[in-house]
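The structure appears right after this line, and notes come after that.
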Amino acid sequence: MTALDEIAIGGLGASRRRVEDARFVRGRGHYVDDIHLPGMLHMEILRSPLAHARIKAIDTSRAWEIPGVRLVLTGEMMAQRNLAWMPTLSYDTQAVLATDKVRFQGQEVCVVVADDPYIAKDGCEAIVVEYEALPAIVNPEQAAAPDAPIIRDDKDGQTDNTCYRWEVGDAAATERAFAQADVVSSLKLHYPRSHPSPIECCGSIADYDAGTGKLTVYMTTQAPHIIRAAVALVAELPEHMIRIVSPDIGGGFGNKVPVYPGYVASILASILLGKPVKWIEDKSGNLSSTGFGRDMYLDAQMALRSDGKILAVRMHADTDQGAFFADAQPSKFKIGLLHSAFACYDVPVGHITAQGHYTNKAPGGVAYRCSFRVTEAMFFQERMVAAAAADLGIDAAEIRRRNLLSDDQFPHRTAFGFLVDSGQYHKCLELGLDAIGYEEFKRDQAAARERGRLLGIGISTMTEPLGAGNSREYDILGIKMFDSAELRVHMTGKAILRTGAKTQGQGHETTWAQIVSHELGIPADDVVVEEGDTDTAPFGMGTYASRSTPVAGAAVAMVARKVRAKARKLAAHLLEVSEEDVEWELGRFYVRGAPERGATIQECAAAAYSNMPDGMEPGLENNAYYDPPNLTWPFAVYIATVEVDPETGVWDVLRVVAVDDCGVRINPMIVEGQIMGGLTEAYAMANMQFQTYDADGNQVGSNYMDYLLPTAWETPGFELHEVVTPCPHHPIGAKGVGECAAVGGPAAFVNAVHDALAATGVRNIDMPVLPDRVWQAMQDGRDVSGAPPVRSDS
Ligand code: CDP
12 MTALDEIAIG
22 GLGASRRRVE
32 DARFVRGRGH
42 YVDDIHLPGM
52 LHMEILRSPL
62 AHARIKAIDT
72 SRAWEIPGVR
82 LVLTGEMMAQ
92 RNLAWMPTLS
102 YDTQAVLATD
112 KVRFQGQEVC
122 VVVADDPYIA
132 KDGCEAIVVE
142 YEALPAIVNP
152 EQAAAPDAPI
162 IRDDKDGQTD
172 NTCYRWEVGD
182 AAATERAFAQ
192 ADVVSSLKLH
202 YPRSHPSPIE
212 CCGSIADYDA
222 GTGKLTVYMT
232 TQAPHIIRAA
242 VALVAELPEH
252 MIRIVSPDIG
262 GGFGNKVPVY
272 PGYVASILAS
282 ILLGKPVKWI
292 EDKSGNLSST
302 GFGRDMYLDA
312 QMALRSDGKI
322 LAVRMHADTD
332 QGAFFADAQP
342 SKFKIGLLHS
352 AFACYDVPVG
362 HITAQGHYTN
372 KAPGGVAYRC
382 SFRVTEAMFF
392 QERMVAAAAA
402 DLGIDAAEIR
412 RRNLLSDDQF
422 PHRTAFGFLV
432 DSGQYHKCLE
442 LGLDAIGYEE
452 FKRDQAAARE
462 RGRLLGIGIS
472 TMTEPLGAGN
482 SREYDILGIK
492 MFDSAELRVH
502 MTGKAILRTG
512 AKTQGQGHET
522 TWAQIVSHEL
532 GIPADDVVVE
542 EGDTDTAPFG
552 MGTYASRSTP
562 VAGAAVAMVA
572 RKVRAKARKL
582 AAHLLEVSEE
592 DVEWELGRFY
602 VRGAPERGAT
612 IQECAAAAYS
622 NMPDGMEPGL
632 ENNAYYDPPN
642 LTWPFAVYIA
652 TVEVDPETGV
662 WDVLRVVAVD
672 DCGVRINPMI
682 VEGQIMGGLT
692 EAYAMANMQF
702 QTYDADGNQV
712 GSNYMDYLLP
722 TAWETPGFEL
732 HEVVTPCPHH
742 PIGAKGVGEC
752 AAVGGPAAFV
762 NAVHDALAAT
772 GVRNIDMPVL
782 PDRVWQAMQD
792 GRDVSGAPPV
802 RSDS
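Heads up, the sequence shown is in this note's numbering, so the first residue is 12 and it goes up one at a time.
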């Protein structure tokens, strides 16, 4: 017998087909809305039509009269139970149902529970709410005006619309570096508000069993254990009597991290009625009231030497948080990991200030497919580098060569305190430039320009800090960020693995089994993976910020190693040698010096239940809690080429090249799928997606006719390349990857359009780079801001 072929058993590096797809593509997924419980009732939400208004009266009498209506809940009724407000994951409060005022269009005002969802909807329409309209605030500039109405007058001591102030870096040293600069390059940007828009909306079924006192909630959450803790705190129920089950999830992208009023209201309704209560949000509800991303204004300067060396950066960010600061950021970092900007460059010093503003919009700031505001950080970084190159007349690839960290600079402490531990940035850049044919394109571009054709090439180089914790630095509401895995090997050598993460389409059922296979030699098909049930899964912080592979994936490797350590003892017993004389090769232990004498992992598993040595605890199982020593630092280079139509401003993508280094790839096919998905969203952000609000706070783009999601038809093709720099501290050398392309991709497209317009003197067109904005910029030879008051939808 010899070691197993790792690829054949579906181990590390195998492009194993996604096991979960067998049910998804056959329509056999099991989502919240697929669950039907006996006696189940249905809940609908009445939402505010106004962005800012005082509630004068609510008359629910006609709703109660509708046959089939079982319960109508108002904010006042919630307040009687101390449930009108709930804590958010960012130490703020959020109205569950409005009592005093409504603070954004679409805010939850009442809920109706009825025999079916249609009756519940009729009940909502029968409710009469009398509002007194107040002036609406729709951007940070208005929010900060001295005479602005105070949106959060519910909060003691709140005298303005500031939600937080935060700073990092060394202001004085940055000033000194700017004084030494040959050139100071400045840029102002708006990263528009966007929405993660998962295919499945949010929803819950609360099932309170008055007999046992146990509350079970089936819900669309990316972080079931955090929700259990939040429910215990908000509803004051004992945590061991709460079971959160997150079944199949049809996409999350950060949208399913926050706690939403619908979840809380359905729980109270179930407790009051003693029946299961289902709430399934409709598309408009999801698109108007649940976690938005971005909406950040940046004002930044970069100090440079004339040869292109970056000396310092200074950034100020104003964020539009909406009416409640409800997203999840690690407690220490009010504006997420914005300070990861410039982490891949050798920037000696910098200073970032940030101010969060309350506005009359739905809560914003969720990490839409990114690690806590890293998308904004990397976009600002890459737009600033492109602008600096243009200001200095240095080629866009060359300025990166002069500033990217070189291989011998790792580990590198950034100006903002991160420790970037590994990478081969120059190799990735050169690979990308070769793949796109950079020099040749530049020649073609010059020739095309002679003929009036506008070709452009855009580069984006980025690193993303993925995998929070470590627990010293990262917590949410004081709960430390680590993760967990539990592995149980049955008597026949088949196994069940559970983790504290929660897949939403990323393929954990496939890849976690591959890690077990790599560590134990059990074929991946013999390992079933379960996530999302707090009664069975070990405690974990859930899946967002591409933290699963860096943290839960590491826990999977560690628990498999613990199991292997016990299996070694069993092998020694079976082989009748001492443990020190037992060697391991994939799938089996053997006697040192006598390799023909061995015991397979399956034989060890059988022995754990039927033939263990005297005194050994039976069974073959364990668990592991993993607290990573550092974040993981994947790196990527995205390069796009475009052609802009000088007559209309329409731009078409010619080619997109991606070079991703996410360390060791567990499943190369899944990694490529993640990168293609991310690039698709990047293209959408650059080209078509944004949410705006009119002066009264009415949401423009609250439907999928106005808010555009790219389909296969308009999405360009992507050419993918790979570099592997193993993560030095991850047990299998992996780094996260799920979000990299969505984070780094937008700047490649936007830089390409600006490159095409280089001769016009236009330095910045805000995203989305719509044809009318491009056309306007070409007509006037000036920048086009997407920030109010200039809006392309007006
Ligand atoms: O946290 P999330 O699952 O969204 O992101 P991730 O950890 O980056 O993983 C996304 C998917 O890619 C998972 O199925 C991972 O196991 C897989 N992956 C991989 O195969 N190799 C890597 N080096 C990183 C992720």
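C-beta atoms are modelled at their ideal positions from N, C-alpha and C, and glycine is treated no differently.
Query: Our contact map puts L279 next to L52 with C-beta atoms below 8 Å; I'd like the distance itself, whole angstroms only.; Result: That pair is no contact at about 13 Å.
Query: Using 8 Å as the cut-off, classify the Cβ of T652 as near or not near the heavy atoms of the ligand CDP, replying yes or no.; Result: no
Query: For the ligand CDP, I want to know if T510 counts as a neighbour, meaning its beta carbon is within less than 8 Å of at least one of the ligand's heavy atoms.; Result: no
Query: Going by the DSSP bridge assignment, what does M307 pair with across the sheet?; Result: Y202 and T330
Query: Considering Cα atoms alone, identify which of A616, E87, H206 and V30 is closest to W523.; Result: V30
Query: For P852, is the beta carbon positioned less than 8 Å from some heavy atom of the ligand CDP?; Result: Since the first residue shown for the chain is 12 and the last is 805, residue 852 is missing from the structure and cannot be characterised.
Query: Smallest Cα separation from E211: which of V179, E292 and L244?; Result: E292
Query: Please classify W724: is it buried, with 16 or more other beta-carbons within 10 angstroms of its beta-carbon, or exposed?; Result: exposed
Query: Is it a yes or a no for the stretch 190-204 touching the stretch 133-142, going by three-plus beta-carbon pairs under 8 Å?; Result: no
Query: Please tell me whether G749 and T547 are closer than 9 Å, where the distance is taken between their beta carbons.; Result: no
Query: Looking at the unbroken beta strand (DSSP E) that takes in K289, where does it start and where does it end?; Result: V288 to I291
Query: What span of residues does the beta strand (DSSP E) with N481 cover, start to end?; Result: It is not in any beta strand (DSSP E) - N481 carries neither H nor E in the DSSP assignment.
Query: What did DSSP end up calling A14 once you bin it into helix, strand or coil?; Result: coil
Query: Which residue or residues does DSSP assign as beta-bridge partners of M313?; Result: S196 and V324
Query: Just list the alpha helix (DSSP H) runs in the stretch 494-551, keeping only unbroken ones of 4 residues or longer that don't cross its boundaries, in chain order.; Result: 519-531
Query: Could you spell out the range, first to last residue, of the alpha helix (DSSP H) harbouring Q91?; Result: G86 to Q91
Query: Rounded to whole angstroms, what is the Cα-Cα separation between K513 and Q700?; Result: 27 Å
Query: Please state if the CB of A535 and the CB of G22 are separated by a distance shorter than 9 Å.; Result: yes
Query: Give the C-beta separation of D4 and V562 to the nearest angstrom, bearing in mind that I take them to be a contact with Cβ-Cβ under 8 Å.; Result: The requested residue 4 is not part of the displayed model; the chain covers only 12 to 805.
Query: Unbroken beta strand (DSSP E) runs of length 3 or more, entirely within the stretch 98-173: which are they?; Result: 104-106, 119-125 and 139-144
Query: Output the distance between the C-alpha atoms of L531 and M54, rounded to the nearest integer angstrom.; Result: 47 Å
Query: Counting C-beta neighbours from all protein chains within 10 Å, is the total for G11 16 or more, i.e. buried, or is it exposed?; Result: A question about residue 11 goes unanswered here, because the residues of the chain that appear run from 12 up to 805.
Query: Using DSSP's beta-bridge definition, name the partner residues of G749.; Result: DSSP lists no partner for G749.
Query: Any idea if I18 is buried or exposed, counting beta-carbon neighbours within 10 angstroms, 16 or more meaning buried?; Result: exposed
Query: Could you tell me which residues DSSP puts in a beta bridge with D486?; Result: K491
Query: Would the beta-carbon of I162 fall within 9 Å of that of A154?; Result: yes
Query: If you drop the 5 nearest sequence neighbours on each side, which residues of the same chain put their C-beta closer than 7 Å to that of R239?; Result: E250, I253, I255 and T545
Query: Given that a residue counts as buried once 16 or more other Cβ atoms are within 10 Å of its Cβ, and exposed if not, what is Q191?; Result: exposed
Query: Run the CB neighbour count on Q312, radius 10 Å, all protein chains shown included, and call it buried at 16 or more, exposed below.; Result: buried
Query: How far does the beta strand (DSSP E) with Y649 in it reach, from first residue to last?; Result: F646 to V655
Query: DSSP beta-bridge partners for F600?; Result: W595 and A610
Query: Any idea if D766 is buried or exposed, counting beta-carbon neighbours within 10 angstroms, 16 or more meaning buried?; Result: buried
Query: For F353 and Q392, which I take to be in contact (beta-carbon distance under 8 Å), what is that distance rounded to the nearest angstrom?; Result: 5 Å
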